[in-house]
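Residue 20 is where the sequence shown starts when you use the numbering used here, and the numbers rise one by one after that. From the three backbone atoms N, C-alpha and C, an ideal C-beta is built for every residue, glycine too. Read through the structure below, which is laid out as C-alpha cells, and then see the notes.
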Amino acid sequence: MPASYDLLIRRARLRSGDIVDIGIQGETIAALQADLAGEASRVIEAAGRLTSPPLIEPHCHLDAILTEGDAGHNESGTLLEGIARWAVRKQSLTPEDVRRRATEGIKWYASQGALYIRSHVDICDPKLTALKALLEVKEACRDLVDLQLVAFPQEGILSYAQGEALMEEALRLGCDVVGAIPHYEITREMGVESLHIAFRLAEKYDRPIDAHCDETDDEQSRFVEVLTANTIRHDMQGRVTASHTTAMHSYNNAYTFKLFGWLKRAQMHIIANPPDNIILQGRFDTYPKRRGMTRIKELLEAGINVAVGHDSVMDPWYPFGTGNMLHAAFLAMHIAQMSGYSEVPRVWDLVTENAARVLGVEERYGLAPGKQADLVIFDAPSERDALRMMAPALYCIKRGRVISETTSPRVQVFHEGKSEEIRFVKQ
Ligand SMILES: [Zn+2]
C-alpha cells in the first residue's frame, strides 16, 4: 500500500544538488528520497528548482518596521538622525499600530522565504507597549513564522531610568532572549556593568543573550571581549550572540587574533547586518572610508559562527528593503568579498544554517525526515543562481502548509521582428 501524504513535492533540487521528492504529513517531513512512491492531497512540481530550508532573519526590529517617513524623512541618512526621528515616532506607538506594521512586515519576510525571525523589541518604555503587542503578534503569526523576541534596551540598561527593571519585566512577560547595548551606555564602566546585568538576568530566567555590541566605528569599543569573558565564566557557551560588532572592522590585527581565539572558545555567534551598517557606519570618515562591516569572512575562516541579518526594513535608520533576506546575503557576499566559487554556498549558510544555530532551532530546522516541514522552493536551480538573480520564492511552506505563492515574472524582448522570452540563465 503506497504511503499517503498531505503534501508531496516532486523533483526538488536540494542544496547538495540531489533531486528528491519530499513527502509531508501534518507539520512534519515524513519522507525524503528520489522517486518517492505515494500519493498526496496536493502535489507541487518543483521541476529541479532549488528547494532549501527556509531563510532566517536573525536580527530585525519589528517594533520600528515600516515607520519610515512617519516622523519626517531622515534627510542626512545618519544613525543620529534615525535615533532622533525614532524618539519622536516612538511617542505615538499604540498596540494596534505595532500589531499592524509587524504583521505586515512578517508577511513581507515570510512570502520571500524567511520563515524564522528573531526581532529585538525596544523595552525602554514604562508601558512596554511594543512588547505587549509583539507578544500577541508572535502567537497570531505562528502559522507564518517562528518568532523570537529579544528584550532590547535601545536607550541602555543603566543609562535609561528603570532600564534594569523594564528588562526584567520584559523577560517575565515572555521575551525569549536577553538583549543589551553596552557601547551606548554613558561610560565604559556602565557598559561593562550592563553586560553583567544581562548575564544575571539570563541565568535567572534561563534565556540566551543577543547583545547589540560595538556598533560603532570607534576602535576602542571592545565590549565583545566582555561578552565573551562572561559567556565563559557563566558557562553559556553557544548561547550568546554579538550583533553588529562593526568596531571589529577597525581593531588591530594582533588584538583581533587574540579575540578570535576566545570567541571560538566561547562558541560566540556573530551577526552582521550589511544593509544598515554599510549605510550608517563610516560617516565620520573622510577617505578612505571604512565599510562598517565586521570581519565576516575571517570569522568564518576561524571557525566562528556568523549569520547575516537585514536589521531594518523601511524605518528611520534604513529606508529601503522589502524583507528579502537574499538582499542582505547579496550585500554580505560583496562587502565581505566572498565571491570565490566555493564561498558562495557559505553565503547561503549565513541566512540559513548558521542563523538556525544562532536561534538554537537546529533540532527542527532542515530538510530531513522528522524535521518540521518548513521549506522554500526558489525559482532558480542553485543557491548561486538564486543569489545572482534575487530569485523569487515560488512556494513557501511552513509547518506543512503552503503559506505563500509567487508567480515568476515573464520577461519578453522584442528584437528583429521576433518576440523572445528571457530567463537570465546562461545557456
Ligand atoms: Zn539592531
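Query                                                                                                                                                                                         : Result
Going by DSSP, what residue range makes up the alpha helix (DSSP H) through Pro293?                                                                                                           : 293-299
Tell whether a beta-carbon distance below 8 Å holds between Gly182 and Gly175.                                                                                                                : yes
Is His288 near ligand 1, going by C-beta to nearest heavy atom under 7 Å?                                                                                                                     : no
Rounded to the nearest angstrom, what separates Lys437 and Ser358 at their Cα positions?                                                                                                      : 36 Å
My assumption, with CB atoms under 8 Å, is that Thr264 sits in contact with Asp229. Please give the rounded CB distance.                                                                      : Contact flag wrong, Cβ pair sits at about 12 Å.
If the criterion is Cβ atoms closer than 8 Å, does the pair Lys390 and Ile48 meet it?                                                                                                         : yes
Would you mind stating whether Val327 and Gly342 have Cβ atoms separated by less than 8 Å?                                                                                                    : no
So the beta strand (DSSP E) Ile142 belongs to, where does it begin and stop?                                                                                                                  : Neither: Ile142 is in no beta strand (DSSP E) and is coded neither H nor E.
If you check the beta carbons only, do Leu69 and Ser401 fall under 8 Å apart?                                                                                                                 : yes
Can His202 be considered in contact with ligand 1, in the sense that its beta carbon sits closer than 7 Å to one or more heavy atoms?                                                         : no
Starting from the Cα of Ala1, find the closest Cα among Leu27, Arg34, Arg32, Tyr203 and give me that residue.                                                                                 : Examination of residue 1 is not possible in this model, given that the chain is present from 20 through 446 alone.
With C-beta atoms as the reference, is Gly311 less than 8 Å away from Leu299?                                                                                                                 : yes
Measure the beta-carbon distance from Pro77 to Leu394 and round it to whole angstroms, keeping in mind my assumption that it falls under 8 Å.                                                 : With 8 Å as the limit, Pro77 and Leu394 do not qualify as a contact, their Cβ atoms being about 18 Å apart.
Is any heavy atom of ligand 1 found at a distance shorter than 7 Å from the C-beta of His329?                                                                                                 : no
Tell me which residues share the same chain as Pro227 and place their Cβ nearer than 6 Å to its Cβ, disregarding the 5 neighbours each side in the sequence.                                  : Val196, Arg258
Output the boundary residues of the beta strand (DSSP E) element that contains Leu69.                                                                                                         : Neither: Leu69 is in no beta strand (DSSP E) and is coded neither H nor E.
If you reduce the DSSP assignment to three classes, tell me which class Asn9 lands in.                                                                                                        : The displayed coordinates of the chain run from 20 to 446. Any statement about residue 9 would go beyond what the structure contains.
Measure the alpha-carbon distance for Ala152 versus Arg118 and round it to whole angstroms.                                                                                                   : 6 Å
Considering Cα atoms alone, identify which of Ala266, Leu150, Arg376 is closest to Leu81.                                                                                                     : Leu150
So, helix, strand or coil for Val39, using DSSP?                                                                                                                                              : strand
Ala285 and Thr247 look like a contact to me (Cβ under 8 Å); what is the Cβ gap, rounded to whole Å?                                                                                           : 5 Å
Based on the DSSP secondary-structure assignment, which residues constitute the bridge partners of Glu76?                                                                                     : Ile136
Which class does Ser262 belong to by DSSP, given the choice of helix, strand or coil?                                                                                                         : strand
At a threshold of 7 Å, does Arg262 count as lining ligand 1 (C-beta to nearest heavy atom)?                                                                                                   : According to the sequence as given, residue 262 is Ser; it is not Arg. Yes, ligand 1 has a heavy atom inside 7 Å of this Cβ.
Can you list, in chain order, the residues of its chain with a C-beta nearer than 7 Å to that of Thr235? Leave out the 5 residues immediately preceding and following it.                     : His202, Thr265, Ala266
Is it right to say Gly91 is buried, meaning 16 or more other beta carbons lie within 10 angstroms of its own, or is it exposed?                                                               : exposed
Please name the residue, chosen from Arg137, Pro338, His139, Lys146, that lies closest to Thr113 on a Cα-to-Cα basis.                                                                         : Lys146
Near Gly154, what residues of its chain come up, given a Cβ to Cβ distance below 6 Å and the 5 sequence neighbours on each side ignored?                                                      : In the sequence as presented, Gly is not what sits at residue 154; that position holds Leu. Result list for Leu154: Gly193, in chain order.
Say the cut is 7 Å; is the CB of His80 nearer than that to a heavy atom of ligand 1?                                                                                                          : yes
Have a look at Cys415, Gly419, Ile315 and flag the residue whose alpha-carbon is nearest the alpha-carbon of Lys126.                                                                          : Cys415
Using alpha carbons as the reference points, say which of Ser35, Leu74, Pro21, Gly45 lies closest to Asp54.                                                                                   : Pro21
Whole angstroms is fine: what's the gap from Gln431's alpha carbon to Glu440's?                                                                                                               : 4 Å
For Val169 and His215, which I take to be in contact (beta-carbon distance under 8 Å), what is that distance rounded to the nearest angstrom?                                                 : Contact flag wrong, Cβ pair sits at about 18 Å.
Name the two residues that bound the continuous alpha helix (DSSP H) containing Asp116.                                                                                                       : 114-130
If we require 4 or more residues per run, which alpha helix (DSSP H) segments fall completely within the segment 346-415?                                                                     : 363-369, 372-378, 402-408
Please go through the same chain and pick out, in chain order, the residues whose beta-carbon is closer than 6 Å to the beta-carbon of Thr275, but skip the five residues on each side of it. : none
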